[in-house]
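One structure below.
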Amino acid sequence: MNAAQQDQMADEKLSVRSATGVDLSLSIAGPGNRSYAFVIDWHIRLLLACAWLLLASFVLKLSLSARSQDALLSLLPAFVIYFLYHPILEVAMRGRTPGKRMAGLVLVGRDGGTPSTSALLIRNIFRLIDSLPALYVVGLVSCFLTANRVRIGDMAAGTLLVVDDAAAGESLGRLETLASASSLPLGALELVDQLLERWPALESQNRMQIARSLLARLQPAADPARLSSLGDAELNARLAALLESTHESTHEQ
Amino acid sequence: MSNNADMRAWIIARAGAWRGLVTSIADLRRRRSATLDEALDTVEAYRGLARDLATSRRLAPDSRTTAGLESLYAQLHALIGRKPRGGTAALKDLLRVDIPRAAGELRSRIAGVACLMAISAAAGWWLIDTFPTLISLFASETMIEQVERGHLWTEGLINITPSSILSLSILANNIVVSVLAFCAGIFLALGTFYLVALNGFMLGGTFAFVHQHGLATALFTFIIAHGPVELSVICVAGATGVALGESIIHPRTGTRRDSFQACAHRVAPVLLLCAALLVGCGFIEGFVSPDPRFPLASRVTIGVCYWFVMWAVMSGRLFGTHWTTTTTTTTTRTATPGAGA
Chain A
1 MNAAQQDQMA DEKLSVRSAT GVDLSLSIAG PGNRSYAFVI DWHIRLLLAC
51 AWLLLASFVL KLSLSARSQD ALLSLLPAFV IYFLYHPILE VAMRGRTPGK
101 RMAGLVLVGR DGGTPSTSAL LIRNIFRLID SLPALYVVGL VSCFLTANRV
151 RIGDMAAGTL LVVDDAAAGE SLGRLETLAS ASSLPLGALE LVDQLLERWP
201 ALESQNRMQI ARSLLARLQP AADPARLSSL GDAELNARLA ALLESTHEST
251 HEQ
Chain B
254 MSNNADMRAW IIARAGAWRG LVTSIADLRR RRSATLDEAL DTVEAYRGLA
304 RDLATSRRLA PDSRTTAGLE SLYAQLHALI GRKPRGGTAA LKDLLRVDIP
354 RAAGELRSRI AGVACLMAIS AAAGWWLIDT FPTLISLFAS ETMIEQVERG
404 HLWTEGLINI TPSSILSLSI LANNIVVSVL AFCAGIFLAL GTFYLVALNG
454 FMLGGTFAFV HQHGLATALF TFIIAHGPVE LSVICVAGAT GVALGESIIH
504 PRTGTRRDSF QACAHRVAPV LLLCAALLVG CGFIEGFVSP DPRFPLASRV
554 TIGVCYWFVM WAVMSGRLFG THWTTTTTTT TTRTATPGAG A
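Going line by line, the protein sequences match chains A and B. For the first sequence, position 102 (counting from the first letter as 1) is numbered 102 according to the working numbering, and the numbering increases by one without interruption. When you read off a place in the second sequence, starting at 1, and then add 253, the result is the number in the working numbering.
Spelled out as structure tokens, the structure:
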């Protein structure tokens, strides 16, 4: 796969017509995003199933043998958690699961709407084929080869996995205050706001490097040696101060 | 005034509305219903947001503001198009319309798959009748030894595993087989043919083997209560798989993908019924079939009655409506006398 194809896969969009005449633009989730969400979900269901088995065995003192009378109480809930996790949660959470939510993904229909219950069930039935021969090889190959990066279950159900940039939507609420208080150019304002929003999730070295680079561009008068000596908390404070700075104070610093 | 200043002034003017929208979307997503006024306000907000998004795309296409508006627009689009939960009405529709219609469409395929199963069973019988040693191909050594000693492997089953556990393991296995017969249709129906033929072949071979040891009647007695529905369900699930394969080979509408998707949605209600019927079969096979206290007459009654229930649900006669297929693509709805009053 060449660089152009990789770029295309990373930024694949689907345009959906809407009643207003302004098309809806959905970012298709690639195999990487899908796998990330699946791995999180897999860990959650595995941990929950194991937690139940431990509880049943050590606390409730139930037998874990399939031939015992206790098996209905000890083994069945664990099997239900493990095997019905996706269909139950996707229906209950309208196309989301905890893993998808953490990965910033959501399932939608081909019209951009919430998928129906039957579509979600069909999607999950086809896991039998997608998971063949092991480790979802069929599903992954299908994701690489199909136009909208869908697995066979999605094709049958008419669903798509798209990126749900909820953080960007929520940041709109802060924009009014930021745009009226700060004299920074809008592009820079959004960049600083986004960096501060992602600050806790980024590694310390990386966020400090990005912060220094940003501050050097936005405050050309600042001493580079002084910037290099600033620590994590100080850089964060200076970025936060930038969002509240007036036109004059930006240049004074 | 510069573009940057224009954009800043526009954001300051509109940001209040967007902030309100973020809150109201979160609120509406949590709730199952909305009042008429709330619905009308949401539609109006959707229109306003579309205008804002168009402006933002034009002024700052790669900005975070545009990304934020795209996200809000997608959330609002999904919220407005959200279908109400069906509840009882959806269940009634499923039983009175969707299942009979899909079953009517599948009728010829069900007959075809049943023929394939019967032919495979006959072939299995002939093979084991002619070459008895080949039974080791699909029966375990313990099972063979037990039959050769004059006992069925099903004897005493109820004493080894509790009926409830037996039922659950059987019904889970049967549901997986049926779902697999449906899904394997994606391999141009060849996967479905293989599964159905294999099941028929094993059934015929096993019967031939137990017949050689004078146990055919005992096996018949064991399977008659759950067998008719269980085997019929495998044929019906196979028919859904064949329909899926056909939708890919000969797409009726749009592309192969559209045809595949439409077919999966059309036949899915029948598959749901199959799963429900197999739950019943599992309980019969766990509680009735291995229990020697049930005489043959009651087993036959259970088997035949359950099969008629299956037929009545699939044809729509049990719930008051039935569908008759007039052509391969169109169906007509006819009400049974006294129904739907």
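Every residue gets a Cβ at the ideal spot worked out from N, C-alpha and C, and that includes glycine.
For S316 (chain B), a Cβ of chain A is located within less than 7 Å of the residue's own Cβ. By the criterion of at least three beta-carbon pairs nearer than 8 Å, the stretch 109 to 122 of chain A is not in contact with the stretch 71 to 78 of chain A. The alpha-carbon separation between S568 (chain B) and L359 (chain B) amounts to approximately 11 Å.
The C-beta separation of L239 (chain A) from L202 (chain A) comes to about 12 Å, leaving the pair out of contact by the 8 Å criterion.
Per DSSP, L387 (chain B) lies in no alpha helix (DSSP H) and is assigned neither H nor E. DSSP places S142 (chain A) in the helix class (H, G or I) of the three-state scheme.
In this structure, the CA atom of L14 (chain A) is about 5 Å from the CA atom of L26 (chain A). I501 (chain B) does not reach chain A, its nearest Cβ partner there being about 10 Å away, counting only Cβ pairs nearer than 7 Å.
Just so you know, the alpha carbons of W271 (chain B) and M93 (chain A) end up roughly 24 Å apart. Contact between G99 (chain A) and R123 (chain A) is ruled out by a C-beta separation of about 15 Å, above the 8 Å threshold. Residue pairing from DSSP places K13 (chain A) in a beta bridge opposite A:S27.
Straight across, the Cα-Cα distance linking L214 (chain A) with D165 (chain A) is about 23 Å. Using a Cβ-Cβ cut-off of 7 Å, F126 (chain A) counts as an interface residue toward chain B, since at least one Cβ of chain B sits closer than that to its own.
Burial check for Q205 (chain A): the Cβ neighbour count within 10 Å stays below 16, so the residue is exposed. Burial state of A327 (chain B) is buried, judged by a 10 Å Cβ sphere holding 16 or more other Cβ atoms. Where V541 (chain B) is concerned, there is no enclosing alpha helix (DSSP H), because DSSP gives it neither an H nor an E. If the five residues before and after L380 (chain B) are omitted, its C-beta is found closer than 7 Å to the C-beta atoms of L387 and G458, all from its own chain and listed in chain order.
Listed along chain B are N257, each with a C-beta nearer than 7 Å to that of P185 (chain A). Where L107 (chain A) is concerned, there is no enclosing alpha helix (DSSP H), although the beta strand (DSSP E) around it starts and stops at L105 to G109.
For a cut-off of 8 Å, the C-beta gap from A515 (chain B) to L497 (chain B) is around 11 Å, too long to register as a contact.
T341 (chain B): member of the alpha helix (DSSP H) spanning G340 to D346, first to last residue.
Closest in alpha carbon position to L46 (chain A), among A:S63, A:D70 and A:I81, is A:I81. At a Cβ-Cβ threshold of 7 Å, S373 (chain B) and G480 (chain B) do not count as neighbours. The Cβ neighbour count for F126 (chain A), taken over all protein chains shown within 10 Å, is at least 16; the residue is labelled buried. G112 (chain A) has a beta carbon lying within less than 7 Å of a beta carbon in chain B. Per DSSP, the unbroken beta strand (DSSP E) holding T159 (chain A) starts and ends at T159 to V163.
Listed along the chain, the chain A residues whose CB falls inside 9 Å of the CB of E323 (chain B) are L24, S25, L26, S27, D165, A168 and G169. For F513 (chain B), the C-beta contacts it makes with chain A under 7 Å involve M155 and A156, in order along the chain. Taking the beta carbon of C436 (chain B) as reference, the chain A residues within 7 Å of it are I125, F126, L128 and I129, listed in sequence order.
Counting only the Cα atoms, V557 (chain B) lies some 24 Å from V432 (chain B). CA-to-CA, the gap between A434 (chain B) and G377 (chain B) works out to about 20 Å.
Chain-order list of chain A residues neighbouring I439 (chain B): I129 and I152, by C-beta distance under 7 Å. Contact check for R519 (chain B) against S512 (chain B) fails: the beta carbons are separated by 7 Å or more. Comparing alpha carbon positions, the residue from A:S183, A:A181, A:S180 and A:L172 closest to Q194 (chain A) is A:L172.
Contact annotation: V163 (chain A) and G104 (chain A) have beta-carbon atoms nearer than 7 Å. The residues G539, in chain order, have a CB closer than 6 Å to that of L419 (chain B) in the same chain once the five nearest residues on each side in sequence are set aside.
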